[in-house]
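These notes are about the structure you will find just below.
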Amino acid sequence: MKVLVTGGAGFIGSHTVVELLSEQHETLILDNYRNSSPEAVRRVRELSNGRVTAQEADILDTQNLSCIFAEFQPDAVIHFAGLKAVGESTMNPLLYYRQNIEGAISLLEAMDRNGCSDIVFSSSATVYGEPDYLPLDEAHPLRPANPYGKTKYFIEEMLRDWCAADKHKSAIALRYFNPVGAHASGRIGEDPNGIPNNLMPFISQVAVGKRERLKIFGNDYDTHDGTGVRDYIHVVDLARAHVAAVNALVRIDGFEPVNLGTGQGYSVLDVLHAFEKASGRTIAHAFAPRRPGDVAASYADPTRARQLLGWKAELGLDEMCISSWNWQRQNPDGYAGS
Ligand code: NAD
Ligand code: UDP
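Numbering that gives the first Met the number 0 numbers the first residue of the sequence shown as 0 and each following residue consecutively.
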């Protein structure tokens with residue numbers, strides 16, 4: 000199939016393109032490099048024997064998008080492009096509504112103009128908000144607690160309506176839990192700007208000597224060791240789920256939300272200890288107050304992904320930590336160091 004990948008130079012997009020190419024899909028990356036680097040594309044090319052095409056473009060530019068669609072004629076789209084920082088979205092909500100919602104509308108319009116009716120969308124487990132029960136299944140009520148999560152929720156609703164208006168349209172919204180890890184080669188990985196907000200890149204930067212110590216936000220949660228529990232999923236597993244979703248689009252009509260997680264929750268201390276084992280380094284840490292907006296525990300019921308996509312996560316916490324460390328060690332300054 001011909002697959003257009005918006006945001007394909009980013010963390011999850013770059014890993015997905017590698018997996019798409021290994022399954023013989025033809026891909027075109029479309030990215031404005033707002034939160035990524037052309038170096039990531041160069042490395043995807045290196046991992047894929049040069050078969051990658053990429054175009055610098057902004058998804059908000061519908062006119063240009065439409066020309067790109069007319070030329071490439073994709074069978075399906077995977078839509079990663081967007082902004083993803085929860086804290087920034089709370090401080091600047093209109094930026095997030097403009098970029099994420101208007102970006103999605105622009106993309107769907109370009110698809111409509113060019114007869115492309117299949118899309119896989121990057122949603123997030125943040126659409127669930129504070130859990131009523133665990134594990135979270137797709138029927139759990141949706142009440143996102145911040146503007147970023149709301150953009151994911153609104154885009155899901157938009158996709159639902161877009162599909163309802165035309166029975167030939169298909170949209171799969173993949174609700175990611177906590178993507179971590181890197182490609183086994185250590186050539187592509189997560190390259191956050193400035194101080195990382197997320198746990199795994201922060202731990203990696205402590206291990207490599209870029210940050211002094213990890214602050215653990217809260218040790219008084221009702222969890223097995225008092226620290227927050229999350230469902231970490233290896234980015235390569237996640238990438239393979241996108242290939243499975245693209246393949247499933249031909250047999251699915253309408254809108255389908257699907258959780259992507261392992262179903263297994265790990266605490267902050269579990270991750271820290273696994274990373275120490277993987278790296279052979281001690282991770283300095285200190286307990287700090289809870290981070291506002293954090294929940295005690297969140298993990299997926301991944302049954303739907305198995306039923307609908309024939310996919311399940313294969314890689315465990317040790318592989319997540321080993322690959323994160325391998326990437327961090329080889330690229331202490333991310334792509335900027337090359
Ligand atoms: P990322 O920032 O690494 O990748 C997003 C890519 O989109 C970047 O390359 C960026 O330059 C590009 N982009 C942004 N705005 C654009 C625009 N207007 N036009 C063209 N390109 C644009 O993020 P990621 O971690 O790879 O996440 C990919 C998607 O998955 C995002 O939509 C994110 O919200 C979602 N998601 C991520 C996580 C996570 O923890 N990483 C969790 C849940 C959902
Ligand atoms: N966390 C932490 N210190 C950090 C970053 C995160 O203790 O510097 C904790 C956080 O409170 C949560 C878990 O690690 O319990 C995962 O946080 P992350 O930001 O990676 O993901 P999310 O909050 O989106 O689940």
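Ideal placement from N, C-alpha and C gives every residue a C-beta, glycine not left out.
Notebook entry, point to check: Taking DSSP as the reference, what is the three-state secondary structure of lysine 83?
Noted result: Residue state, collapsed to three classes: coil.
Notebook entry, point to check: So, using beta-carbon positions, are glycine 264 and alanine 296 closer together than 8 Å?
Noted result: Cβ atoms of glycine 264 and alanine 296: closer than 8 Å.
Next item on the list: Sort Val228, Arg229, Gly208 by Cα distance to histidine 284 and report the nearest one.
Entry: Comparing alpha-carbon positions, the option among Val228, Arg229, Gly208 lying closest to histidine 284 turns out to be Gly208.
Next item on the list: For the alpha helix (DSSP H) holding glycine 12, just list the boundary residues, first then last.
Entry: Run containing glycine 12: 10-21, per the alpha helix (DSSP H) assignment.
Notebook entry, point to check: So, does the CB of asparagine 196 fall closer than 8 Å to a CB anywhere in chain C?
Noted result: Of the protein chains in the structure, only one exists, and it is not chain C.
Checklist line | Whole runs of the alpha helix (DSSP H) within the stretch 87-163, excluding any shorter than 4 residues | finding: Complete alpha helix (DSSP H) runs here, min 4: 92-95, 102-112, 146-163.
Notebook entry, point to check: Over what stretch of residues does the beta strand (DSSP E) that includes proline 256 continue unbroken?
Noted result: DSSP places proline 256 inside the beta strand (DSSP E), whose first and last residues are 253-259.
Notebook entry, point to check: Would you call serine 323 buried or exposed, if buried means 16 or more other Cβ atoms sit within 10 Å of its Cβ?
Noted result: By the 10 Å Cβ count, serine 323 comes out buried.
Check: Between which two residues does the beta strand (DSSP E) carrying aspartate 30 extend?
Finding: For aspartate 30, the enclosing beta strand (DSSP E) covers residues 25-30.
Notebook entry, point to check: Rounded to whole angstroms, how far is the Cβ of glycine 102 from the Cβ of isoleucine 58, which I believe are closer than 8 Å?
Noted result: Between isoleucine 58 and glycine 102 the Cβ distance is about 4 Å, and since that is below 8 Å, they are a contact.
Next item on the list: Could you tell me if alanine 312 is buried or exposed, where buried requires 16 or more neighbouring beta carbons within 10 angstroms of its beta carbon?
Entry: Classification for alanine 312: buried.
Note to self: Bridge partners for leucine 46 per DSSP, in chain order?
What the structure shows: Beta-bridge annotation (DSSP): leucine 46 is not paired with any residue.
Check: What is the DSSP secondary structure of valine 205, counted as helix, strand or coil?
Finding: Residue state, collapsed to three classes: helix.
Notebook entry, point to check: glutamate 45 to valine 17, Cα distance in whole Å?
Noted result: The alpha-carbon atoms of glutamate 45 and valine 17 are separated by roughly 10 Å.
Note to self: Can you find the residues in the same chain that come closer than 6 Å, C-beta to C-beta, to methionine 199, ignoring five residues on each side of it along the sequence?
What the structure shows: Around methionine 199: Val179, Ser323.
Check: Can you tell me whether serine 21 is buried or exposed, with buried defined as 16 or more other CB within 10 angstroms of its CB?
Finding: The residue in question, serine 21, is exposed, as its Cβ has fewer than 16 Cβ neighbours within 10 Å.
Note to self: According to DSSP, threonine 226 sits in a beta bridge with which residue or residues?
What the structure shows: According to DSSP, which records beta bridges pairwise, threonine 226 is partnered with nothing at all.
Note to self: Measuring straight from C-alpha to C-alpha, what distance separates leucine 237 and threonine 15?
What the structure shows: Straight-line measurement puts the Cα of threonine 15 at about 8 Å from the Cα of leucine 237.
Next item on the list: Below 6 Å CB to CB, which residues in the same chain sit around aspartate 117 once its five sequence neighbours on both sides are set aside?
Entry: Excluding residues within five positions, the ones whose Cβ falls inside 6 Å are Ala75, Ser169, Leu248.
Check: Helix, strand or coil: which one does DSSP assign to asparagine 197?
Finding: DSSP places asparagine 197 in coil when its eight states are reduced to three.
Next item on the list: Consult DSSP for lysine 214 and reduce its assignment to one of helix, strand or coil.
Entry: Correct three-state label for lysine 214: strand.
Next item on the list: Pull up the distance between the alpha-carbon of asparagine 99 and that of proline 146, whole angstroms please.
Entry: Rounded to whole angstroms, asparagine 99 and proline 146 show a C-alpha spacing of 10 Å.
Margin query: Starting from alanine 3, trace the beta strand (DSSP E) in both directions and tell me its first and last residue.
Written below: A small fix is needed here, since residue 3 is leucine in this sequence, not alanine. Segment 1-5, the beta strand (DSSP E) holding leucine 3.
Notebook entry, point to check: If you measure from the CB of aspartate 57, is any heavy atom of the ligand NAD nearer than 7 Å?
Noted result: Yes, the Cβ of aspartate 57 comes within 7 Å of a heavy atom of the ligand NAD.
Item checked: Proximity test, asparagine 177 beta-carbon vs the ligand NAD heavy atom, cut-off 7 Å -> Yes; taking the cut-off as 7 Å, the Cβ of asparagine 177 has a heavy atom of the ligand NAD nearer than that.
Check: With a cut-off of 8 Å, do at least 3 Cβ pairs link the stretch 1-8 to the stretch 23-41?
Finding: When C-beta atoms of the stretch 1-8 are compared with those of the stretch 23-41, three or more pairs fall below 8 Å, so the two segments count as touching.
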